[in-house]
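Numbering (this note's numbering), first residue to last: 1095 to 1492. These notes are about the structure you will find just below.
Shown next, in the form of C-alpha cells:
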C-alpha cells in the first residue's frame, strides 16, 4: 500500500519525499553543511592543504593497491612472475604499479612536510595534543607500509631487504629472537615470511591507519585548524584584551577553541572551508596526483632479477627513506651494544617525536621563541641528513 502510493506520486515529489526521509534518519545534509562551511584561519591556507593532500595520496595508494591485488600472487614462486607479467604484458598494470610506487614516495614526502608545518606552527600544543600523536603514529605507519611494500616483489632487492628488515628485531634483548622467528616463520626468510609480510601490508597496517585517520579527522573537526601564530596577532595600537574578546564573540564553529589561552582560542580572520580552503586542497592534491601519474607512466616501478638466496655478492640498495637507518645499522657496533644503539637511540627519538606535546608545555607559539625544541629538532634533522649522505656515498662510491 505504502509503495503503491509512493509510485503514484509525481517524480519530483517522490524525490523530495525520499530526500526528506533520508535526511530525517541520517542528518547527512546538516553534517555536510557543517563540514563544508566550518571556519578555517584565513592566512596559511596552502600550508593547511598538505593535510588534505596526504589523505588524497593515501586513497590513491588504496585504490592502486586494490588494482595490483588483481594480479599479484603472494608466494615465493609466483610473486616475481606476476609482477614481471605486468611489466612485459600488461601496460595498464605496469602503469598502476608505477603509480603505487611513486605515490608512496610522494606520500612520505608530503606527510613529512605536514609534520614539519605542524611542528613549526606549534599546532600540537593544548588542546591539540592528540592531533599530533595520531599524526605522528600515521607517519610511522606510512613508513611501515612503504617498507613492507618494498619486500613484496620478491626480486633480489625485495628478498635482501626482507633479510635485513626482519633481522632488526633480533637486536632486541630477550624477545628479539622470538619476534624475528615469528615474522620469518622460522630461522630463515622463506615462503611464510612473504605471506606474513603481505598480510601485514594489506591488512594489519591499513586497519591501524584508517582507524587513526578517523580519529585524526574527528579531533581536527572538534578543535579546528590552529594555523600559525600570525593568525592570532593583535594591533599594538589597540587594547589587546578588547581585540581578543571581539574575536571570541564573533567566532564561528569550530571556534572558539576550548581549554586554550584566550589569545589563541579564535583566529583574527577566518574564511569558510568551502570554497576558499577546499579549492586550495583540490588544487594541491590534483597537482601531486598528476605528477605521480606522469612519473608512473615515464618511470614505472623497477623490478630486479628474481630472488636468489645463494647469491652472496649482491649488495642491496635500500629505499631512499630507509637510507639513514641503513647507514646507522652499518656504523653501529657489532656486539651486544648494538641493541642500545638501534633501539635505544631510535626508540628515544621516536618517543620524543610522538610525545612532543607533553614535553613542550610552553605557551609560546613562535618558532624563534621556542629554541628549547627547535634546536634539538634541527640537530636531529641534521643527523638524519648526514646519515643519508654517508649511506649514498657508501653505496655509490662517491
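Beta carbons are placed, not taken as given, at the ideal position from N, Cα and C, and that holds for glycine. Here the structure is a predicted model, which means the values were calculated and not measured.
Does DSSP put residue 1170 in a helix, in a strand, or in coil?
As a position in the chain shown, residue 1170 is number 76, starting the count at 1. Reduced to three states, the DSSP call for residue 1170 is coil.
Suppose only complete runs of 3+ residues qualify. What are the beta strand (DSSP E) ranges in the stretch 1300 to 1374, listed by chain order?
1364 to 1366
Kindly list the residues whose CB is nearer than 6 Å to the CB of residue 1461, restricted to its own chain and excluding five residues on each side of it in sequence; keep chain order.
Within the chain shown, numbered from 1, the residue matching residue 1461 stands at position 367. Only 1214, 1468 meet the Cβ criterion.
What residues match up with residue 1454 in a beta bridge as DSSP calls it?
As a working note, residue 1454 is residue 360 in the chain shown. DSSP, once it has assigned bridges, lists no residue as partnering residue 1454.
Quick check on the burial criterion: 16 or more other C-beta atoms within 10 angstroms. Buried or exposed for residue 1127?
The sequence position of residue 1127 within the chain shown is 33, counting from 1. Looking at its Cβ environment, which holds fewer than 16 other Cβ atoms inside 10 Å, residue 1127 is exposed.
Quick check: the Cα distance between residue 1159 and residue 1336, rounded to an integer number of angstroms?
As a position in the chain shown, residue 1159 is number 65, starting the count at 1. As a position in the chain shown, residue 1336 is number 242, starting the count at 1. When rounded, the distance between both Cα atoms is 54 Å.
Enumerate in chain order the residues of its own chain whose CB-to-CB distance from residue 1244 is below 6 Å, with the five nearest sequence positions on each side excluded.
For the purposes of this step, residue 1244 is taken as residue 150 along the chain shown, with counting starting at 1. Cβ within range, chain order: 1255, 1413.
Could you tell me which residues DSSP puts in a beta bridge with residue 1135?
Indexing the chain shown from 1 puts residue 1135 at position 41. In DSSP, residue 1135 forms a bridge with 1364.
Where residue 1249 sits in the DSSP three-state scheme:
As a first step, residue 1249 must be located in the chain shown, where it is residue number 155. Note: residue 1249 maps to strand in three-state DSSP.
Identify every residue that forms a DSSP beta bridge with residue 1071.
The displayed coordinates of the chain run from 1095 to 1492. Any statement about residue 1071 would go beyond what the structure contains.
Rounded separation between residue 1455 and residue 1130 - CA only
Position 361 of the chain shown holds residue 1455. Position 36 of the chain shown holds residue 1130. Near 33 Å, if we compare the C-alpha coordinates of residue 1130 and residue 1455.
Residues near residue 1235 in its chain [Cβ-Cβ closer than 8 Å; skip 5 each side]
Here residue 1235 refers to the residue found at position 141 of the chain shown. So the qualifying residues of the chain are 1299, 1302, 1303, 1306.
Residue 1231 to residue 1157 span [Cα, whole Å]
Numbered from its first residue, the chain shown carries residue 1231 at position 137. Numbered from its first residue, the chain shown carries residue 1157 at position 63. Distance between the alpha carbons of residue 1231 and residue 1157: 22 Å.
How big is the Cα-Cα spacing for residue 1357 and residue 1472?
As a working mapping, residue 1357 is identified with position 263 in the chain shown. As a working mapping, residue 1472 is identified with position 378 in the chain shown. Roughly 28 Å separates the two Cα atoms.
Under the three-state DSSP convention, the category residue 1211 falls into:
Against the chain shown, residue 1211 aligns to sequence position 117. The answer is helix: DSSP assigns residue 1211 an H, G or I state.
C-alpha gap between residue 1425 and residue 1434, whole angstroms
Indexing the chain shown from 1 puts residue 1425 at position 331. Indexing the chain shown from 1 puts residue 1434 at position 340. Looking at the two C-alpha atoms, the distance is approximately 13 Å.
Quick one: residues in its chain with C-beta nearer than 7 Å to the C-beta of residue 1489, no 5 flanking neighbours on either side, listed in chain order?
Counting from one through the chain shown, the residue named residue 1489 turns up at place 395. 1411, listed in sequence order.
Helix, strand or coil at residue 1394 according to DSSP, with G and I counted as helix:
Taking the chain shown and counting its residues from 1, the one referred to as residue 1394 is at position 300. Note: residue 1394 maps to coil in three-state DSSP.
In its own chain, which residues sit with a C-beta less than 8 Å from the C-beta of residue 1121, not counting the 5 before and 5 after it?
For the purposes of this step, residue 1121 is taken as residue 27 along the chain shown, with counting starting at 1. Answer for residue 1121: no residue qualifies.
DSSP-derived helix/strand/coil call for residue 1117:
On the chain shown, residue 1117 is found 23 positions in, with the first residue counted as 1. Residue 1117: helix per DSSP, three-state reduction.
Considering Cα atoms alone, identify which of 1189, 1202, 1147, 1166 is closest to residue 1415.
Within the chain shown, the letter at position 321 stands for residue 1415. Nearest option by C-alpha distance: 1202.
So does the stretch 1222 to 1231 actually touch the stretch 1260 to 1279, counting three or more Cβ pairs closer than 8 Å?
no
List the endpoints of the continuous alpha helix (DSSP H) containing residue 1487.
Sequence index remark: in the chain shown, residue 1487 carries index 393 (1-based). 1465 to 1490 is the extent of the alpha helix (DSSP H) around residue 1487.
When you compare each of 1114, 1252, 1191, 1442 to residue 1470 by their alpha carbons, which one comes out closest?
The count along the chain shown starts at 1 and reaches residue 1470 at position 376. Nearest C-alpha to residue 1470: 1442.
Do three or more CB pairs link the stretch 1361 to 1372 to the stretch 1318 to 1328 at distances below 8 Å?
yes
Can the beta-carbon of residue 1246 be found less than 8 Å from the beta-carbon of residue 1292?
On the chain shown, position 152 is the one that residue 1246 refers to. On the chain shown, position 198 is the one that residue 1292 refers to. Yes; because the gap between Cβ atoms is below 8 Å, this pair is in contact.
Alpha carbon of residue 1190 to alpha carbon of residue 1164, nearest angstrom
As a working note, residue 1190 is residue 96 in the chain shown. As a working note, residue 1164 is residue 70 in the chain shown. Going from the Cα of residue 1190 to the Cα of residue 1164 covers about 11 Å.
Please return the same chain residues whose Cβ sits closer than 7 Å to the Cβ of residue 1478, not counting the five positions on each side in sequence.
As a first step, residue 1478 must be located in the chain shown, where it is residue number 384. Around residue 1478: 1418.
Please state whether the Cβ-Cβ distance between residue 1147 and residue 1364 is less than 8 Å.
What you label residue 1147 is simply residue 53 of the chain shown in a count that begins at 1. What you label residue 1364 is simply residue 270 of the chain shown in a count that begins at 1. No; because the gap between Cβ atoms is not below 8 Å, this pair is not in contact.
Determine the burial state of residue 1185: buried for a count of at least 16 other Cβ atoms within 10 Å of its Cβ, exposed for fewer.
Position 91 of the chain shown, counted from the first residue, corresponds to residue 1185. Under this definition residue 1185 is an exposed residue.
For residue 1459, which option in 1208, 1192, 1175, 1212 has the closest C-alpha, if you only look at C-alpha atoms?
On the chain shown, position 365 is the one that residue 1459 refers to. The residue with the shortest Cα to Cα distance from residue 1459 is 1212.
Terminal residues of the alpha helix (DSSP H) in which residue 1290 lies:
Taking the chain shown and counting its residues from 1, the one referred to as residue 1290 is at position 196. Counting along the chain, the alpha helix (DSSP H) containing residue 1290 begins and ends at 1285 to 1293.
Would the stretch 1377 to 1388 count as touching the stretch 1137 to 1154 if we require 3 or more Cβ pairs under 8 Å?
yes
May I ask you to report which of helix, strand or coil DSSP gives residue 1274?
For the purposes of this step, residue 1274 is identified with residue 180 of the chain shown, where counting begins at 1. DSSP places residue 1274 in helix when its eight states are reduced to three.
Between residue 1575 and residue 1398, how many whole angstroms is the CB-CB distance? I'm expecting something under 8 Å.
No statement about residue 1575 is possible, as the shown extent of the chain runs from 1095 to 1492 and does not include it.
Starting from residue 1242, trace the alpha helix (DSSP H) in both directions and tell me its first and last residue.
Taking the first residue of the chain shown as 1, we reach residue 1242 at position 148. Residue 1242 -> alpha helix (DSSP H) spans 1223 to 1244.
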